[in-house]
Structures are given as structure tokens and as C-alpha cells.
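Note sheet for the following structure.
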Amino acid sequence: MTRLIAMLAGVAIVGLLAMTYFVTAGQKSDDQFAQCRQGQVAGGTSEIGGPFTLVSETGETVTDQDVIDEPTLIYFGYTFCPDVCPIDIVRNAVAVDILEEKGHRVKPVFISVDPKRDTPEVMADFTEGVHPRLLGLTGSDEQVKAASQAYRTYYKAQEGDDEFYLVDHSTFSYLTLPDAGFVEFFRRDADAETMADRVACFLHAS
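Numbered by numbering that gives the first Met the number 0, the letters in the sequence shown go through residues 0 to 205 in order.
The following block contains the structure:
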């Protein structure tokens, strides 16, 4: 009797392990980037990203398809930002340079959430001082709002001084691939080396 119970228990354990294997194996095969992901998105990565129409720093109207024609790191901020934005944007630019040294080309993109002050000319002056390939995008209030909503970002101008107001905003950077769309976000505490390594993982898996 004892031997029979032991055999049944063994069969149950083997069955449970087999079920676990097939379930987890199936999950991994469904997501080609599973080994690279660290961020969790409520509802899945398909909830972030999507079509947008903006104005480039050269004054041209561009769509998401024009912008995301290669692996792209997107950041939402504004040029008058006193501290957070410059640090994050420079970090992204350094990560792009590290990736380029490793043979990976990634486009850095900066979308303004302050279109009132960030005209194409202002964006061009700003991006020129950060990185030669940093693309600055702005647009009308409606265009910027639509792009922000597509990437589920937050921004709100503070009330007060008409000229020197600040804008509260989220600070994630978004990795988006031409074929796969949005695949990962990066928090402010990720340094350039860490970001470059994680981006490279996605590029190798794509």
C-alpha cells in the first residue's frame, strides 16, 4: 500500500513538472524578447506605441513610420527643463554611442511636451548640442497630446509665470523597433552602459 501511494505521488509530480514545462515553454516561444524584458506593462507591450504625426526640427511633418525606420529610443521632455531632461537625453545619447561602437545603430528621438516654446528652431538648437543624430520633434498641442497618449506618458504645465513655467512629465525612455513596435521602457536609474546592454539584447533577438 505504501509503495502504491509512493508510485502515485511520483506520477503526480512527473505530471506536474511536465505541465509546468509545456506551459512555460509555450510562454517563452510566444515572446521572442522574453529573455530581454525587465519592465512590466499592464495589458502587455501592445498597449504602448502607435501612430503619431509631429513636426521635425527641420519643419517637416513626419509620422511614426518616418521616425521609427530603425531601432529607436524615444524620450518625452522639453528644452526648458532645468535638470531631469538634459540628464536623461544625454544618457540616451551615450547609450546610442556605446551601441554604435558594438555595431548597432539606434536612433535617439526627443519629443517635446512643451510645443508652446519648443518650436522646430528651438528643438534644432537643443539637439545639435546633444548628439548629431538626435532627432527633435514637436507639433501642435493636439499632435503632441496624441503622441503622448500613444505612449501613455504624462505631462502638465505648471501654472504661474507665463515665460518661465515648468512642465511636470513622466521620464521613461521607450525602445521601439520598426517591425515589432514598442518592446521595452527604461527608467531614469538605468545608466548608459546598462541601457546599451539591454537594447543590444533586443536587437540580437529581433
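Ideal Cβ positions, reconstructed from N, Cα and C, are used throughout, including at glycine.
Please state if the CB of valine 93 and the CB of alanine 191 are separated by a distance shorter than 8 Å. Taking 8 Å as the Cβ cut-off, alanine 191 and valine 93 qualify as a contacting pair.
Just the Cα atoms here: how many angstroms apart are aspartate 161 and cysteine 80? 15 Å
Just curious, the alpha helix (DSSP H) that phenylalanine 201 is in, first and last residue? 191 to 204
Could you tell me which of Gly102, Phe201, Ser172, Gly128 sits nearest to threonine 78, measuring between CA atoms? Gly128
What runs of the beta strand (DSSP E), each 3 residues or longer, lie entirely inside the stretch 13 to 101? 52 to 55, 60 to 62, 71 to 76
Whose C-beta lies closer than 8 Å to the C-beta of aspartate 30 among residues of the same chain, with five residues either side of it excluded? Arg36
Inter-stretch contact (C-beta, 8 Å, three-pair minimum) for the stretch 66 to 78 and the stretch 147 to 165: yes
Determine the DSSP secondary structure at valine 121, reduced to helix, strand or coil. Note: valine 121 maps to helix in three-state DSSP.
Report buried or exposed for glutamate 183, applying the criterion of at least 16 other Cβ atoms within 10 angstroms of its Cβ. buried
Cβ-based burial, glycine 9 [other Cβ within 10 Å; buried from 16]: Low local confidence applies: a pLDDT of 47 at glycine 9 is under 50, so the model's placement there is unreliable, and no value is given.
Cut-off 8 Å between Cβ atoms - residues of its own chain near alanine 199, not counting five sequence neighbours on either side: Leu98, Lys101, His103
Counting C-beta neighbours from all protein chains within 10 Å, is the total for isoleucine 86 16 or more, i.e. buried, or is it exposed? exposed
Which residues does DSSP pair with proline 131 in a beta bridge? For proline 131, which the question treats as bridged, DSSP gives no partner whatsoever.
Count the other C-beta atoms from every protein chain shown that fall within 10 angstroms of the C-beta of arginine 187, then say buried if there are 16 or more, exposed otherwise. exposed
Straight-line CA distance for histidine 130 to histidine 203? 24 Å
Taking the C-alpha atoms as reference points, what is the distance between threonine 23 and arginine 90? Because threonine 23 sits at a pLDDT of 42, beneath the cut-off of 50, its placement in the model cannot be relied upon, and the following sentence gives the value as read from the coordinates. Between threonine 23 and arginine 90, the C-alpha separation is close to 35 Å.
Between phenylalanine 185 and methionine 194, which are expected to be in contact by the criterion C-beta below 8 Å, what is the C-beta distance as a whole number of angstroms? The pair is a contact, with the Cβ atoms about 5 Å apart (cut-off 8 Å).
Is the beta carbon of valine 95 closer than 8 Å to that of valine 105? yes
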